[in-house]
Each structure stands twice: as C-alpha cells, then as structure tokens.
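One structure below.
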Amino acid sequence: MASILVLEPFVVDGPPSALAAQWKEWVDRLETYFAATALDNDRRRPMLLHLGGAAIHKLGRSVAKEGPPYTYQTLKQALTNHFEPLANPDYESFLLRQAWQLPYESVDTSYARLKDLAKTCTLVDVEDEVRAQFIQGCASVKLREHILQVPGMSMVNILTLGRSKELSKVCAAHMEAALQTQVKVEPVNAAAAASVDKRRFRQKTTMSLRSCYSCGGPFPHQGIPFSLLGMCRPTTAQHCSIYTHLRELNMKQSRKRRKRKCSGREARDWKGGAWLQQGPLSLLLRRRK
1 MASILVLEPF
11 VVDGPPSALA
21 AQWKEWVDRL
31 ETYFAATALD
41 NDRRRPMLLH
51 LGGAAIHKLG
61 RSVAKEGPPY
71 TYQTLKQALT
81 NHFEPLANPD
91 YESFLLRQAW
101 QLPYESVDTS
111 YARLKDLAKT
121 CTLVDVEDEV
131 RAQFIQGCAS
141 VKLREHILQV
151 PGMSMVNILT
161 LGRSKELSKV
171 CAAHMEAALQ
181 TQVKVEPVNA
191 AAAASVDKRR
201 FRQKTTMSLR
211 SCYSCGGPFP
221 HQGIPFSLLG
231 MCRPTTAQHC
241 SIYTHLRELN
251 MKQSRKRRKR
261 KCSGREARDW
271 KGGAWLQQGP
281 LSLLLRRRK
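Read in order, the letters of the sequence shown correspond to residues 1 to 289 in UniProt numbering.
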C-alpha cells in the first residue's frame, strides 16, 4: 500500500482574522487523513495534538486543563471556539467584497477562494454574495459581458462558460503563435525573390543601356560589320551612329597612328545637327581646305 502524505503543522502565526477559516480547512484535511488511514476514535486526539505542531500541542494542553478530560470531538470544538472569536465578520465581509480574480487564477480557483472567504462572513445569502462578487471581480471582460447579457444565469452555467472561454483563449493563442511563425517565414522568401528580380532587372537594364567605351555610342553597334568593330576609337563627336563617319574616321586614324581630336568647328556642327544634314564626307573635305 502506498504511503499517505502526512499533514503539515498548523500555523498559528498568521493574520488573526484568517485563523478561524484556516483552522476549519486544516481540520477538514485532518479528518480526511483519519478516514484514509482508518484511525479509531481513541487515537485521533493524540494524533491531532501531534500533527498540529508544537503550538497546537501547547494550546490543546492548556485548553484541556480548564475542563473535563477531552476526547477528540471536545478537543476539536475547544480549539475551534478558541480561534473563532479572533474572526471579525464585518472585516471578513469587507475582504470578500475586495476579492478580485488574480491574473494566474482560473475561474474555479477564484470561485473556491471566494467560498472560503464567505465562510466566516455574516451574510444573509452567501451564494448570492459570492456570485455577485465573482461577476464583479472576474478578470475577463468578455465573460462579464456575456453573463450580464443573460440575467439570472446560475453559478454552474457561469463556471462552465468561464472554463470554455479559458480553453478557447489558450487554443487561439497556440494557433496565432503558429500563424505568426509561418508569416515570418513567407516575407523572408518573398524578400529574397524580390531581390533576385531586382538584380536581374538591373543587369538587363545595364546591358540594354550599355555604351561603347571607345566611341561613346550605343553598344553593340547596329549596322556595323564585325570586322570594323576593332577599329573603333575615342572621339569628341560621340553618339554619332553614322556608319560612314565611323569607317572613314577610323581609317584616317589608322594611317596617321595617332589620336584624332575633332575641331571646335566639327563639335559645333555635330551639336547643331550638321553631321546628320551634310554627312561626314563633306565635313572631312571642309577640314582639308
């Protein structure tokens, strides 16, 4: 048979107004222990003095000297009468009305705490007071709104509704966490794809807008034989796409083996559109004169 957990000693150094409720709770646990161990009545009184701790043992001895020999029931009642005058019903009622659901408490735990506080209160209807305080002090605004929408909802239905809302909140939090993880992964992939597209567009645009590093014209040259591409030389008359000008100019430069610089007159004629109106041959003849 598995060993039964032994009760911890009763603490008498707590708040005086709460000792009566704590004593009743401790006695309930003690009687549960007696029922689990099948302890007879003759052994219950010494077991109460032993499990209660040094303070209860001393207090029980002093109470026993004031009257006839005590059995377990008379000793328990004497200790109960000793702790009950320390309770203030008005103060206990104040504590009940100031009790709010704590952030880490569930609806069942909060309701049980309110029931314990109401045990020492002098209330006409304890259940109604506990129900009213539970509705006022519950942490969930949605639960309170739902309760107020249905007047006269029983405490059993209120607790059932509170449990369902707590469970749905936990499930929704898990689902949102999973969705946020998925959403964080998708933008990373989208950003990587966008960067690749930008890089490809930049490369394509650079290739389409590339210019010749020699003559400054668009590259590759359109309409120029492949054999003359190597004869392209830098000129001041850049961006001239006339094939005859490029051919005759490069042939003259190859004969003189030096760089040719366009004169200021040629540059003015090129800017004014003379290259396109008169042609490159007339300009070369004009320069020879």
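The beta carbon of each residue, even a glycine, is placed where N, CA and C say it ideally should be. On a predicted model such as this, the values are computed, not experimentally measured, just so you know.
Assign residue i to one of three DSSP states: helix, strand, or coil.
i           : result
G60         : helix
residue 292 : With the chain covering 1 to 289 only, the question about residue 292 has no answer from this structure.
E105        : coil
C121        : coil
V141        : helix
F34         : helix
D13         : coil
W100        : coil
V6          : coil
Y111        : helix
N88         : coil
P46         : helix
G162        : helix
Y70         : coil
D40         : coil
V170        : helix
V150        : coil
C240        : Low confidence applies to C240: its pLDDT is 49, below 50, so where it sits in the model is not reliable enough to give any reading.
R258        : For R258, the pLDDT reaches just 49, beneath the cut-off of 50, and the residue's location in the model is therefore unreliable, although a value from the coordinates is still provided. Coil.
Taking the alpha-carbon of residue i as reference, which of the options has the nearest alpha-carbon?
i    : options                  : result
I56  : A78, N41, A139 and I158  : A78
V12  : S168, L123 and F83       : F83
L7   : Y111, S154 and L30       : L30
V124 : S93, Y33, R45 and T181   : S93
S140 : A20, N41 and S110        : S110
L59  : T80, R43, P103 and N41   : T80
L96  : P16, R113 and Y104       : R113
D108 : C171, A18, Q180 and E166 : E166
Y104 : F34, A172 and C138       : C138
Between residue i and residue j, what straight-line distance do the alpha-carbon atoms span, to the nearest angstrom?
i    : j    : result
P89  : M175 : 47 Å
L75  : T160 : 41 Å
T120 : S106 : 23 Å
R144 : L39  : 47 Å
Y72  : N157 : 40 Å
S168 : G162 : 10 Å
R61  : L48  : 12 Å
A36  : A118 : 28 Å
Y70  : K115 : 31 Å
W26  : A20  : 10 Å
T46  : A99  : Sequence check: residue 46 is Pro here, not Thr. C-alpha separation (whole angstroms): 37 Å.
A18  : D28  : 16 Å
N41  : T32  : 14 Å
K24  : Q101 : 23 Å
Q22  : A178 : 44 Å
P15  : Y91  : 12 Å
A172 : K142 : 15 Å
S164 : M153 : 16 Å
V170 : Q133 : 25 Å
In chain order, what residues of the same chain have a beta carbon less than 8 Å from the beta carbon of residue i, not counting five sequence neighbours either side?
i    : result
G273 : Low confidence applies to G273: its pLDDT is 48, below 50, so where it sits in the model is not reliable, and the reading given next is rough at best. Once the five neighbours on either side are set aside, G273 has no close Cβ partner at all.
P9   : L51, G52, G53, A54, A55 and I56
P151 : none
I135 : R144, I147, L148 and I158
R44  : F34 and Y72
M1   : The predicted position of M1 is uncertain, since its pLDDT is 42 and thus under 50; a value taken from the coordinates is nonetheless stated next. Correct list: empty, nothing qualifies.
Leaving out the 5 sequence neighbours to the left and right, which residues in its chain are closer than 6 Å to residue i when beta-carbon positions are compared?
i    : result
M155 : R131
E129 : L123
Q180 : none
V63  : A78
L281 : Because L281 carries a pLDDT of 47, less than 50, the predicted location of this residue cannot be relied on, and no value is offered for it.
Looking only at its chain, what residues have a beta carbon closer than 7 Å to the beta carbon of residue i, apart from the 5 residues adjacent to it on each side?
i    : result
V126 : A118
Can we count residue i as close to the ligand ATP, meaning its CB is less than 8 Å from some heavy atom?
i   : result
L79 : With respect to small molecules bound, the structure shown includes none, and the ligand ATP cannot be examined in it.
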